[in-house]
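Visitor:
Number of protein chains: 2
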Amino acid sequence: MQNLSKNQQIIFDLIDKSPEPLKAYSILFSVQKRGIKAPLQVYRALDKLVEIGKIHKIESRNAFIACQNSSCQISKATAFSICESCEKVTEINNSNLSKYLTCFKDKNGMKYNKYNLEFFGLCKKCVSKKS
Amino acid sequence: MQNLSKNQQIIFDLIDKSPEPLKAYSILFSVQKRGIKAPLQVYRALDKLVEIGKIHKIESRNAFIACQNSSCQISKATAFSICESCEKVTEINNSNLSKYLTCFKDKNGMKYNKYNLEFFGLCKKCVSKKS
DNA sequence: ATTAAATTGTTATAATATAACATTTTGTAA
DNA sequence: TTACAAAATGTTATATTATAACAATTTAAT
Ligand SMILES: [Zn+2]
Ligand SMILES: [Zn+2]
Ligand SMILES: [Zn+2]
Ligand SMILES: [Zn+2]
């Protein structure tokens, strides 16, 4: 794995330190003091980081999170749990699940080489708050 | 299931007839001749149609497709296959898969009440074209 | 008839993402 | 070490997707 470029490193560090998924323009705002001034600079770094599997995009939220697995095969098999109340997102690392989905074949005979799964619900904290 | 309103019906008909997922602004363009002139009118109808399970949003494409199952429990359990070459999208109706995912519990103990799964690959047509 | 909920209409604006082009840096191989 | 190609950067403008705010109208149940 090659080193990250300057912009990629700045943006990865920010996402990696964040306890929650970050949106592109909130990233842009945060890194402006470090010389990254335009949306494209952010999006290009994000694209690359996604491509090499260091971060993932949470599609339903248009937000980015650092890979918590180090075992996602370059973002080809991703699963997340999302709390609909506090918006906490956790990457799921479950070998049974990933095996099941990686091997899954539908009737149409199509061969899949990638999947993304998002679960929604209430995290433990939010469940207890409501009761 | 109550009847759809005028705007909802117009927009559902369009999506239902389309062989491919439709994007909001392409829908807007198509229904302007029928008196729907503003983005919000489209988005409101889309929101409602998603809510009642008549259509689904393909999150990775920001596009909408009619439900092909009639058995999606109000969009609480959705799975799609997406061809990365021709962008054909098919809703997967596989009881084994839906059972597995509906019952899935991760170590974190979080209880899920909804999921969305998107598979990516090459459809049969596109596979044979490349060989 | 009364009323609440849902839907519609409308203008403006926010948020997300890419096009196009020029320049610089980095890695690699003659 | 020079020459070349690939990757990354910088910059301006613009395209695409989505929501805020407010007023009016329609629908459906008492
Ligand atoms: Zn990961
Ligand atoms: Zn929560
Ligand atoms: Zn469906
Ligand atoms: Zn295809």
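Protein chains in written order, with this note's numbering: chain V, 1 to 131; chain W, 1001 to 1131. Even glycine gets a Cβ: it sits at the ideal position worked out from N, Cα and C.
What residues of chain V sit near W:Tyr-1115, judged by a beta carbon separation below 8 Å?
Guide: Those within 8 Å of W:Tyr-1115 in chain V are Leu-117, Glu-118, Phe-119 and Phe-120.
Visitor: Give the residues of chain V in contact with W:Leu-1028, contact being defined as C-beta atoms less than 8 Å apart.
Guide: Those do not exist, as W:Leu-1028 stays about 20 Å from chain V at its closest Cβ, beyond 8 Å.
Visitor: Chain V beta carbons: is any one of them nearer than 8 Å to that of W:Tyr-1025?
Guide: So no, W:Tyr-1025 is outside the interface.
Visitor: Can you tell me where the alpha helix (DSSP H) holding V:Glu-51 begins and where it ends?
Guide: Element bounds for V:Glu-51: 39-51.
Visitor: What residues in its chain sit with their C-beta under 7 Å from that of W:Asn-1113, if we drop five residues either side in the sequence?
Guide: Excluding positions up to five away in sequence, the list reads Lys-1076.
Visitor: Mind checking if V:Gly-109 is an interface residue toward chain W, Cβ cutoff 8 Å exclusive?
Guide: Chain W, which has a Cβ nearer than 8 Å to the Cβ of V:Gly-109, makes this yes.
Visitor: Listed from N- to C-terminal order along the chain, which residues in the segment 35-60 of chain V have their beta-carbon within a distance smaller than 7 Å of any beta-carbon of chain W?
Guide: Listed by position, the residues of the segment 35-60 of chain V near chain W (Cβ gap below 7 Å) are Glu-59 and Ser-60.
Visitor: Taking DSSP's pairing of strands, which residues face V:Met-83 in a bridge?
Guide: Just to set this straight, residue 83 of chain V is Cys in the shown sequence, not Met. Bridge partners of V:Cys-83: V:Gly-121.
Visitor: Assign W:Lys-1057 to buried or exposed, taking buried as 16 or more other Cβ atoms, counted over all protein chains shown, within 10 Å of its Cβ.
Guide: That one is buried.
Visitor: Does chain V have any CB closer than 8 Å to the CB of W:Ile-1092?
Guide: So yes, W:Ile-1092 belongs to the interface.
Visitor: Compute every distance between the C-beta of V:Ser-128 and the non-hydrogen atoms of ligand 2, then say whether any falls below 7 Å.
Guide: Every heavy atom of ligand 2 is 7 Å or more from the Cβ of V:Ser-128, so no.
Visitor: Consult DSSP for W:Lys-1088 and reduce its assignment to one of helix, strand or coil.
Guide: Coil, per DSSP.
Visitor: Since V:Phe-104 meets chain W, which of its residues come closer than 7 Å, beta carbon to beta carbon?
Guide: What V:Phe-104 touches in chain W: Leu-1097.
Visitor: Below 7 Å, is the gap between the Cβ of W:Lys-1114 and the nearest heavy atom of ligand 2?
Guide: No, Cβ of W:Lys-1114 sits at least 7 Å from all heavy atoms of ligand 2.
Visitor: Mind pulling the chain W residues with CB within less than 7 Å of V:Cys-123?
Guide: Chain W residues near V:Cys-123: Met-1110.
Visitor: List, in order along the chain, the chain W residues whose C-beta lies closer than 9 Å to that of V:Ser-81?
Guide: Those are Asp-1106, Asn-1108, Met-1110 and Tyr-1112, listed as they occur along chain W.
Visitor: Quick check: is any heavy atom of ligand 1 less than 7 Å from the C-beta of V:Thr-102?
Guide: V:Thr-102 Cβ: outside cutoff for every heavy atom of ligand 1.
Visitor: How about V:Asn-69 and V:Glu-87: do their beta carbons lie closer than 8 Å?
Guide: The answer is no: Cβ separation not under 8 Å.
Visitor: Report the option in W:Arg-1034, W:Ile-1052, W:Leu-1046 and W:Ile-1074 whose CA atom is closest to the CA atom of W:Asn-1062.
Guide: Checking every option, the nearest Cα to that of W:Asn-1062 belongs to W:Leu-1046.
Visitor: Taking the beta strand (DSSP E) that V:Ile-58 falls in, what are its first and last residues?
Guide: Per DSSP, V:Ile-58 belongs to the beta strand (DSSP E) from 55-58.
Visitor: Where does V:Ile-74 fall in DSSP's three states?
Guide: V:Ile-74: coil per DSSP, three-state reduction.
Visitor: DSSP puts V:Tyr-115 in a beta bridge; with which residues?
Guide: Beta-bridge pairing links V:Tyr-115 to V:Ala-77 and W:Phe-1119.
Visitor: Can you determine whether any heavy atom of ligand 3 sits closer than 7 Å to the C-beta of V:Asn-108, and answer yes or no?
Guide: Not so, every heavy atom of ligand 3 lies at least 7 Å from the Cβ.
Visitor: Counting beta carbon pairs with one atom in the segment 1004-1012 of chain W and one in the segment 1036-1052 of chain W, are three or more of them shorter than 8 Å?
Guide: These segments touch.
Visitor: Please name the residue or residues paired with W:Ala-1063 in a DSSP beta bridge.
Guide: DSSP lists W:Ile-1058 as partners of W:Ala-1063.
Visitor: Hey, would you say V:Tyr-100 sits closer than 8 Å to W:Tyr-1100, going by beta carbons?
Guide: Contact flag set, yes.
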